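Student: Take this structure first; my questions come after.
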Amino acid sequence: KVAIKGIERELICPACKELFTHPLILPCQHNICHKCVKEILFAFEDSFADGGSESSNQSSPRIKISSSSMDRIDRISRSGRKRNSLTPRSSLFPCPGCQRDIDLGERGINGLFRNLTLETIVERYRQAARAAIAIMCDFCKPPPQESTKSCMDCSASYCNECFKIHHPWGTVKAQHEYVGPTTNFRPKILMCPEHEMERVNMYCEICRRPVCHLCKLGGCHANHRVTTISTAYKTLKEKLSKDIEYLISKESQVKARITQLDLLLKETECNSERAKEEASQSFEKLYHVLEEKKSAAFRAIEASKNLRLEKLQMQAEEYQGLLENNGLVGYAQEVLKETDPSCFVQTAKQLHVRIQKATESLKSFKPAAETTFEDFVVDIAKQEEILGDLSFHSNGLEIPEINEEQSKMYNKALISWECPGKTDSADIYVLEYHKLNREEESTTWQEIEVCSKSKVISDLDDDSSYAFRVRGYKGSISSPWSREVILRTPPAPVFSFLFDDKCGYNSEHLLLNPGRTSVESRAGFPLLLGSERMQVGCYTTLDYIIGDTGIAKGKHFWAFHVEAYSYLVKVGVVSSNKIQKLFHNTHDVTSPRYEQDSGHDSGSEDAFFDSSQPFTLVTLGMKKFFIPTTPAAPKDPASRILPLPSCLGICLDCDKGKLGFYDAGCMKCLYECEVDCSGIMYPAFALMGGAAVHLEEAVTAKYGEYHDDI
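In terms of the working numbering, the sequence shown is numbered consecutively and its last residue is 912.
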């Protein structure tokens with residue numbers, strides 16, 4: 203007999219947390235109730251229709267989907283699929299056991315095997331749990347008798363008398379299989395879910411599941427290694443028996459581990475109480491400091507109040523004396539009654555001075571003390587921020603560092619970070635950022651919880667600087683904040699386009715990748731054949747390519763990479779009414795070395811070239827950025843040569859007729875010029891010799907996940 207007691211945890215469905223009911227085996231080998239699978243898939247498709255995980259969780263109150271599973275539901279729901287029937291159509295299923303997305307294939311639930319063995323064990327457990335409750339006969343007249351056996355073919359329970367009546371000797375029913383009383387009736391033969399009329403007779407060692415001969419002949423298991431069911435039964439049973447025997451032989455070791463874990467549980471309880479006490483003492487110290495500061499502030503305010511009240515009271519008494527028959531005025535009136543001149547003069551002199559002062563005070567009234575207490579406002583902004591960051595700090599938790607090379611600002615912000623060491627890594631990270639604004643005195647950080655080491659942030663303002671910082675959490679313990687990193691967004695919204703493979707594209711000289719995001723110019727035979735006709739000088743034709751999308755108005759920004767080995771590349775914009783002139787101008791560039799008849803370097807020719815060209819381009823090459831010759835440009839040629847940034851950006855403002863060239867890494871403007879935007883403007887590129895240009899990839903939500911995996 204199987205020992206039922208103590209195996210409850212193996213019989214609980216990870217979704218509904220109840221005993222399995224008609225369990226199904228997922229491709230990841232975990233089990234789940236048939237009803238739970240349907241409810242979770244319906245929750246998926248509800249989320250597709252409603253656009254949120256909250257509604258999907260409300261529609262399935264029986265199951266308890268974890269937050270990570272709900273995150274995956276939200277992620278998948280953005281694909282736009284809709285629920286359109288009473289049968290769940292989604293093939294992607296979040297396993298509650300291993301938290302992985304499992305592909306159920308085209309057949310979905312119908313392609314899953316029913317775990318009959320587990321179902322039988324669950325039924326045995328239920329019978330053991332309700333041993334006092336008898337299973338009654340299904341065919342007795344009321345009152346029914348207690349059943350003595352159950353027929354697996356009829357899926358019914360019988361008492362002895364009813365069994366004899368319904369299974370008479372000499373009939374087919376007499377050959378039916380019967381067992382003890384049970385409510386679990388499973389099929390005698392396991393049928394293939396792919397081919398419902400075929401019984402399984404083989405075991406796929408690759409997929410680790412039973413299959414039929416049709417699956418092997420022409421199904422999805424055609425090229426898989428299979429074995430017979432009997433062989434798989436013997437092999438797996440031997441392995442399982444050996445593993446069980448090994449565990450039983452290590453029973454003393456298991457008990458020792460259980461004893462050790464019991465001690466660790468008690469130690470954890472004691473240590474947690476000690477940690478609570480220490481935390482309480484720390485906060486009591488803070489309370490004591492705050493109480494002292496509070497008492498000192500109250501004493502200072504009270505002293506100032508008493509002093510001010512005293513001054514105001516004295517001033518009020520002085521003005522009270524100016525009233526008739528009161529104080530100074532009453533005294534002066536009595537002095538005026540004196541008739542002796544010498545005595546009057548003696549007293550009136552001093553009295554007259556006091557009367558004059560009172561008169562002047564009355565004309566220019568000013569309170570003797572201020573009534574406001576603005577000097578006693580406590581500034582707690584800095585302390586409040588510090589207290590907001592108050593948390594448990596661990597010396598073993600590494601401080602994350604934002605990787606500025608892997609982080610980038612484009613159409614969205616991709617922030618990546620890493621930890622110096624790999625030990626004691628954090629379970630979760632908190633990324634904070636805020637916009638740098640000189641006008642605002644206080645800063646409000648926006649907070650995002652991240653499970654990986656990168657995050658894509660949307661809805662940032664253009665042409666703005668943002669500060670970023672990150673910290674790691676392991677349970678309730680957090681690391682200190684990382685060093686703040688300041689990144690700047692592009693000066694305008696990002697303009698998306700691909701290289702045009704039709705308009706003027708020279709497939710003999712230029713090579714486009716399949717996605718049309720990279721173009722390469724090869725210094726091969728065409729260049730050699732062209733130079734064969736040259737005896738002196740170095741006139742050469744550039745190979746031009748433009749973007750497949752034009753700009754009619756507004757301000758736009760795009761970025762690209764120029765390979766370091768590139769000999770000569772020109773980048774900029776061209777107007778739609780000048781594209782034909784661009785592609786039909788045979789001698790459109792001179793050598794960057796020298797011209798035959800010039801007698802000096804090409805710097806002087808740039809002025810003539812820039813003024814005559816029908817489009818606006820800037821020269822790049824040999825890891826340098828060349829500022830064109832203009833009246834405003836430096837006269838020294840050396841000062842017009844800058845290092846070529848790893849990523850170059852172009853900002854076109856059609857409304858103002860401005861074209862700017864930027865270092866896209868720090869969004870610093872390298873050069874700006876005026877441009878005629880009378881037509882539709884297209885991004886333009888020109889290559890000569892060995893060169894390559896790659897358009898910057900737009901940042902998406904999946905970009906962060908892919909980047910983090912790398």
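Beta carbons: idealized from backbone N, C-alpha and C, even for Gly.
The structure displayed is predicted, hence computed values, not measured ones.
So lysine 452 is in the alpha helix (DSSP H); what residue range does that whole segment cover?
Tutor: No alpha helix (DSSP H) holds lysine 452; DSSP gives it neither H nor E.
Student: Mapping the DSSP letters down to three states, classify alanine 669 as helix, strand or coil.
Tutor: Of the three classes helix, strand and coil, the one that applies to alanine 669 here is strand, per DSSP.
Student: Do you know whose CA, among Tyr612, Thr645 and Asp703, lies nearest leucine 662's CA?
Tutor: Comparing Cα positions, the closest option is Tyr612.
Student: Please determine, among Leu509, Ala761 and Gly674, the residue with the shortest C-alpha to C-alpha distance to histidine 896.
Tutor: Closest by alpha carbon: Ala761.
Student: What residue from Pro830, Thr902, Asp664 and Ile446 has the CA that sits closest to isoleucine 843's CA?
Tutor: When only C-alpha atoms are compared, the closest one is Pro830.
Student: When the Cβ atoms of the stretch 628–635 are set against those of the stretch 691–701, are three or more pairs found closer than 8 Å?
Tutor: Touching, no, given that fewer than three Cβ pairs across the two stretches are closer than 8 Å.
Student: Taking glutamate 607 as the reference, give the member of Val687, Tyr448, Lys757 and Leu861 with the closest Cα.
Tutor: Measuring from the Cα of glutamate 607, the nearest candidate turns out to be Val687.
Student: When the distance is taken between beta carbons, is asparagine 312 closer than 7 Å to isoleucine 227?
Tutor: No, Cβ-Cβ distance for isoleucine 227 and asparagine 312 is not below 7 Å.
Student: Could you name the residues of the same chain whose beta carbon sits closer than 8 Å to that of valine 204, not counting the 5 residues immediately before and after it, in chain order?
Tutor: Model confidence at valine 204 stands at a pLDDT of 44, short of 50, so the residue's coordinates are unreliable; what they give is reported in the following sentence. Closer than 8 Å at Cβ, skipping near neighbours: Ile323 and Arg326.
Student: Proline 602 and valine 652: beta carbons closer than 7 Å?
Tutor: No, the pair does not count as a contact, with Cβ atoms beyond the cut-off.
Student: I'd like to check one pair, serine 667 with leucine 638: are the Cβ atoms closer than 7 Å?
Tutor: Yes, Cβ-Cβ distance for leucine 638 and serine 667 is below 7 Å.
Student: Let me check you understand the geometry: is the CB of lysine 860 closer than 6 Å to at least one non-hydrogen atom of the ligand SAH?
Tutor: Absence of the ligand SAH from the depicted structure is noted, as is the absence of any ligand whatsoever, leaving it without description.
Student: Which residues bound the alpha helix (DSSP H) around threonine 223?
Tutor: Here threonine 223 belongs to no alpha helix (DSSP H), and DSSP marks it neither H nor E.
Student: Out of curiosity, what's the CA-to-CA distance linking proline 383 and glutamate 471?
Tutor: When rounded, the distance between both Cα atoms is 47 Å.
Student: In whole angstroms, what is the alpha-carbon distance linking alanine 245 and threonine 319?
Tutor: Whole-angstrom Cα-Cα distance: 29 Å.
Student: Identify the continuous beta strand (DSSP E) that holds valine 413 and give its terminal residues.
Tutor: Counting along the chain, the beta strand (DSSP E) containing valine 413 begins and ends at 411–413.
Student: Let me confirm a value: aspartate 581 is counted as buried when at least 16 other C-beta atoms fall within 10 Å, else exposed. Which label applies?
Tutor: Exposed is the call here.
Student: Looking at alanine 886 and isoleucine 748, is the spacing between their C-beta atoms short of 7 Å?
Tutor: The answer is yes: Cβ separation under 7 Å.
Student: Would you call the stretch 765–775 and the stretch 817–824 in contact, with 3 or more CB pairs under 8 Å?
Tutor: Flag = yes, the stretch 765–775 and the stretch 817–824 touch.
Student: From which residue to which residue does the alpha helix (DSSP H) around glycine 532 run?
Tutor: Note, glycine 532: alpha helix (DSSP H), 529–537.
Student: Whole angstroms is fine: what's the gap from tyrosine 435's alpha carbon to cysteine 394's?
Tutor: Roughly 17 Å between the two C-alpha positions.
Student: Roughly how many angstroms lie between the CA atoms of isoleucine 617 and cysteine 853, to the nearest whole one?
Tutor: Cα to Cα, the separation comes out at about 23 Å.
Student: Give me, in chain order, the residues of the same chain whose beta-carbon lies closer than 6 Å to that of threonine 645; leave out the 5 immediate sequence neighbours on both sides.
Tutor: Cβ within range, chain order: His636.
Student: For the alpha helix (DSSP H) that contains proline 543, what are its first and last residues?
Tutor: Here the alpha helix (DSSP H) through proline 543 covers 543–565.
Student: Sorted by chain position, which residues of the same chain lie with C-beta nearer than 6 Å to alanine 217's C-beta, five sequence neighbours on each side aside?
Tutor: Same-chain partners within the cutoff: Ile234, Cys238, Ile265 and Pro298.
Student: Determine the direct distance from the alpha carbon of aspartate 340 to that of serine 451, and round the result to whole angstroms.
Tutor: Cα-Cα distance, rounded: 46 Å.
Student: By how many angstroms is the C-alpha of glutamate 649 removed from the C-alpha of alanine 615?
Tutor: Distance between the alpha carbons of alanine 615 and glutamate 649 is about 15 Å.
Student: Which of the three DSSP states, helix, strand or coil, is assigned to leucine 708?
Tutor: For the record, residue 708 in the displayed sequence is asparagine; it is not leucine. Coil, per DSSP.
Student: Whole angstroms is fine: what's the gap from threonine 574's alpha carbon to glutamine 515's?
Tutor: Approximately 16 Å between the Cα atoms of the pair.
Student: Can you list, in chain order, the residues of its chain with a C-beta nearer than 8 Å to that of lysine 551? Leave out the 5 residues immediately preceding and following it.
Tutor: Within the same chain, lysine 551 has no close Cβ partners at all.
Student: Tell me whether serine 482 sits in a helix, a strand or coil according to DSSP, three-state version.
Tutor: Serine 482 falls in the helix class under three-state DSSP.
Student: Out of Tyr873, Glu899 and Leu553, which has the shortest C-alpha to C-alpha gap to phenylalanine 697?
Tutor: Ranking Tyr873, Glu899 and Leu553 by Cα distance to phenylalanine 697 puts Glu899 first.
Student: With a threshold of 16 other CB atoms inside 10 Å of the CB of alanine 888, please say whether the residue is buried or exposed.
Tutor: With 16 or more Cβ atoms within 10 Å of its Cβ, alanine 888 is classed as buried.
Student: Taking leucine 872 as the reference, give the member of Ala893, Lys826 and Ser880 with the closest Cα.
Tutor: The residue with the shortest Cα to Cα distance from leucine 872 is Lys826.
Student: Which residue comes first and which comes last in the beta strand (DSSP E) that contains glycine 927?
Tutor: No answer is possible for residue 927: it lies beyond the span of the chain, which begins at 203 and ends at 912.
Student: Cα separation between glutamate 807 and threonine 832?
Tutor: The pLDDT assigned to glutamate 807 is 40, lower than 50, so where the model puts this residue is not dependable; a value taken from the coordinates is nonetheless given after this. Taking the straight line from one Cα to the other gives about 12 Å.
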